[in-house]
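Accompanying notes for the structure given below.
In our numbering, the protein residues as written are 909 to 1073.
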């Protein structure tokens, strides 16, 4: 990246008035010339911050206690590292979910008060576009098992399907 004195100064980046460029710190009122490709020059782990967990996810959960497997949708919203959202429940329990996402480690930590004298907690690790890990209950209804989040497969709009001839 290069720069010359800019806005508020007399020197701009033109051939006739170009000043020598410096590889040091840009001066006050510098006009930046050029751009950096994404993730270049970011500290280690900073590119991880760009991963967006907001939106819809398909989940699969398997209970080690009952042996049952359930599928549904989790919708997440983020504000910084804080996460809020909803999870489809099969037992009519409270589906509000809260937690945090640590971009440097790829760890998603969630919990929800089921409204049934039980708190369900989740700890998931990111591997590419998939989060997987475990859940466990604390309170009246003991349970634990595996939990996995994947992005839903996009569906073509009606009438936009492929025709095979």
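Virtual Cβ for every residue (Gly too), placed ideally from N, Cα, C.
Remember, it's a predicted structure, so these values are computed and weren't measured experimentally.
Check                                                                                         : Outcome
Where the beta strand (DSSP E) through residue 1000 begins and ends                           : From DSSP, residue 1000 is part of no beta strand (DSSP E); its letter is neither H nor E.
Cα-Cα separation between residue 956 and residue 1046, rounded to whole angstroms             : Bear in mind that a pLDDT of 44 at residue 956, under 50, signals an unreliable position, so the number given afterwards is only what the model happens to contain. Computed Cα separation, rounded: 31 Å.
According to DSSP, residues forming a beta bridge with residue 964                            : 983
Cβ shell of residue 1008 (< 7 Å), same chain only, five flanking positions each side left out : 989, 990, 991 and 1017
Selected residue, minimal CA-CA separation from residue 969, among 963, 962 and 977           : 977
Alpha carbon of residue 995 to alpha carbon of residue 959, nearest angstrom                  : 21 Å
Residue 972 beta carbon less than 8 Å from that of residue 1040                               : no
Cα-Cα separation between residue 1032 and residue 1061, rounded to whole angstroms            : 21 Å
Limits of the unbroken beta strand (DSSP E) element including residue 1033                    : 1026-1035
Assigned exposure category for residue 998 - 16 Cβ within 10 Å defines buried                 : exposed
Residue range of the unbroken beta strand (DSSP E) whose run includes residue 975             : Counting along the chain, residue 975 falls outside any beta strand (DSSP E), and DSSP gives it neither H nor E.
Proximity to residue 981 [Cα-Cα], best of 1035, 1010, 962 and 1014                            : 962
Buried or exposed (CB count within 10 angstroms, at least 16 for buried), residue 1025        : exposed
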